[in-house]
Amino acid sequence: MTRVLGVEGTAWAASAAFYDTETDSFTIETDPYVPESGGIHPREAAEHMQEAIPAVVADVLESMDGPPDAVAFSRGPGLGPCLRICGTAARSLALSFDVPLVGVNHMVAHAEVGRDQSGFTDPVCLNTSGANAHVLALRRGRYRILGETMDTGVGNAIDKFTRHLGWSHPGGPKVERRAKDGEYHDLPYVVKGMDFSFSGIMSAAKDAVDDGVPVEDVCAGLQETIFAMLTEVAERALSLTGTDELVLGGGVGQNERLREMLASMCEQRGADFYAPEPRFLRDNAGMIAVLGA
Ligand code: AMP
Ligand code: MG
């Protein structure tokens, strides 16, 4: 039996979680940093961590009926000023409870939470985060990167497009909503081998709106193009590895259209597809606690 207190603080989510491996139950408390304007500012995000982490940890501790057996925290990758605060908080918690401190990789946690919940053994994992995008395969206990973005992360590309329109952060959910009323607008499709690139698509999408293409159409084109690229590389990874299990991770994975495209690709190949519920896709301390355990 292991009861793990998880702390996440790599970028926008100040989050704490309690995970009990015996009952497989979670308590997750997250306080998001929402920039007043523009994107995530590292110093402002760190100031948010400083205020919010003690509060979310206190809430989670209150829900626990005893001390944890271990403290897990996201040790990176992430924004330096945020990581420092997250690490300091986790270290003092581990010292005060006199339990082991376990630093975990944030990106592996994005992949592992779905793998753990699906029960898959050697899946391909598609990570679709704000600052990242990559396709991984678990082989003999280690994740291997099969393909990744050559420039910006997938969520960041969408967020930068919406910032150009003056929409508030994060842009992903707003693009998803507007795309429902749009007709597909053609944008550059960039897959090179197993890697993808999003920055050219993002610029083309900005230009299209500036040239008067209806914003709903650009949103629809943006989603179809980017998600088709992710689906293509995920499919090639399944084919390359001979695996018939695909797991989704990362905040962009909350998008219903992306899940639909991946599910339909898997169905056509006879592969199993697992997408965790949204609270385990976006940054959260639950996935940190799972990997810590
Ligand atoms: P993460 O870094 O994993 O927490 O994911 C955050 C990213 O997910 C941000 O770039 C958001 O814009 C993006 N995101 C959140 N919800 C959606 C959605 N429904 N569709 C597309 N992207 C989304
Ligand atoms: Mg993340």
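According to numbering that gives the first Met the number 0, the residues represented by the sequence shown are 0 to 292, in order. We put the CB at the ideal spot given by N, CA and C, even for glycine.
Contact between A156 and F195 is absent: CB atoms are separated by about 10 angstroms, not below the 8 angstroms threshold. The beta carbon of F160 lies closer than 7 angstroms to those of G170, M201, A204, K205 and L221 in the same chain, with the five residues before and after it left out. The Cβ atoms of L94 and V56 do not sit closer than 8 angstroms to each other.
Judged by the Cβ position, D282 qualifies as a neighbour of ligand 2 at the 7 angstroms threshold, a heavy atom of the ligand being closer than this. Secondary structure of A44 (DSSP, three-state): helix. Distances from the CB of D180 to the heavy atoms of ligand 1 are all 7 angstroms or more. Ranking V98, S128 and L137 by CA distance to the CA of D115 puts L137 first. Distance from the C-beta of G129 to the nearest heavy atom of ligand 2 is below 7 angstroms. By the neighbour-count criterion, in which 16 or more other beta carbons inside 10 Å mark a residue as buried, G152 falls on the buried side. The DSSP-derived three-state label of R114 is helix. Taking all protein chains shown into account, P277 has fewer than 16 neighbouring C-beta atoms within 10 Å of its C-beta and is therefore exposed. Of the heavy atoms belonging to ligand 2, none sits nearer than 7 angstroms to the Cβ of G165. When secondary structure is reduced to three states using DSSP, S73 falls in the strand class. A distance of 8 angstroms or more separates the beta carbons of T242 and V107. For G65, the closest of L4, T148 and G102 by C-alpha to C-alpha distance is L4. DSSP lists no beta-bridge partner residue for G37. CA-to-CA, the gap between E43 and A12 works out to about 12 angstroms. The distance from the Cβ of A16 to that of N283 is about 7 angstroms, consistent with a contact at the 8 angstroms cut-off.
Excluding five sequence positions before and after A219, the CB atoms of its chain that fall closer than 7 angstroms to its own CB belong to A178, G181, E182, Y183 and H184, given in chain order.
A straight-line Cα-Cα distance of about 19 angstroms links F272 and G146.
Only residues of its own chain outside the window of five on either side were considered, and among them M106, H109, A110, A132, H133, V134, L135, G248 and G249 have a CB closer than 8 angstroms to the CB of N126, listed in chain order. The beta carbons of A227 and Y188 sit about 7 angstroms from each other, so the pair counts as a contact at 8 angstroms. Relative to the non-hydrogen atoms of ligand 2, the Cβ of G249 comes within a distance shorter than 7 angstroms of at least one.
Look at D97 here: in three-state DSSP terms it is coil, with no helix or strand label.
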